[in-house]
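Under my numbering, the first residue of the sequence shown carries the number 265, and numbering increases by one thereafter. Each residue gets a CB set at the ideal place from its N, CA and C atoms; glycine is no exception. Only a predicted model underlies this, so the values are computations on that prediction, with no experimental measurement involved. I have placed the structure first, in the form of structure tokens, so that the comments after it can refer back to it.
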Amino acid sequence: MSAYRQILYHIVFRTKGSERTINQAHSADLYKYIWGIIKNKKCILFRINGMEEHIHILSDLHPSVALADYIRDIKVSSAKWMKESGFFPDFRGWGIKYCALTYSFNERDTIINYIKNQQEHHKQESFQDEIRRFFREQGIDLDEKWFWVDS
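Structural data, given as structure tokens:
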């Protein structure tokens with residue numbers, strides 16, 4: 265049986281306590297590792313990038329994969345790798361919350377470019393303001409504890 269679908273998710277998750285512990289000198293290594301996880305789940309990575317305290321992923325989710333399991337597996341595996349690699353000595357783990365917003369295929373290139381330009385973008389907007397804006401644009405009420413609660 266064939267299934268035709270397009271499930272584009274813009275996923276954002278942060279470090280525990282929103283601490284700036286993702287060493288940008290080794291972030292490309294982290295992103296390659298996460299790409300491997302995504303490929304093993306039969307999902308497609310369109311773009312990954314981030315800053316010292318958070319990561320953005322634009323991915324097509326395979327229909328056999330549940331979103332919560334997908335994000336859990338990315339976080340658990342990448343956290344273990346980050347701690348073992350020695351590249352991220354201050355990294356304590358990922359925050360428990362995440363943001364996963366759906367977009368149409370027609371919006372794909374816009375989101376790809378947005379993720380690609382994270383370093384430039386965050387010269388003008390903080391991570392907290394970025395998340396507030398995403399939630400506002402999607403009509404979602406944001407509980408401000410999203411940024412700080414990790415238990």
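In the same chain as Glu316, and ignoring 5 residues on each side of it, the C-beta atoms closer than 6 angstroms to its own belong to Arg284 and Ile286, in chain order. Non-local beta-carbon contacts of Ile335 in its own chain, meaning distances under 8 angstroms to residues more than five positions away in sequence, involve Ile275, Phe277, Tyr362 and Ala364 in chain order. Within the DSSP bridge table, the entry for Arg311 names Leu322 as partners.
In the assembly as shown, Arg311 is a buried residue. Its beta-carbon has 16 or more other beta-carbons within 10 Å. Just so you know, the alpha carbons of His318 and Tyr268 end up roughly 32 angstroms apart. In chain order, Lys280 and Ala343 place their CB closer than 7 angstroms to the CB of Gly357, counting only its own chain and leaving out the 5 sequence neighbours on each side.
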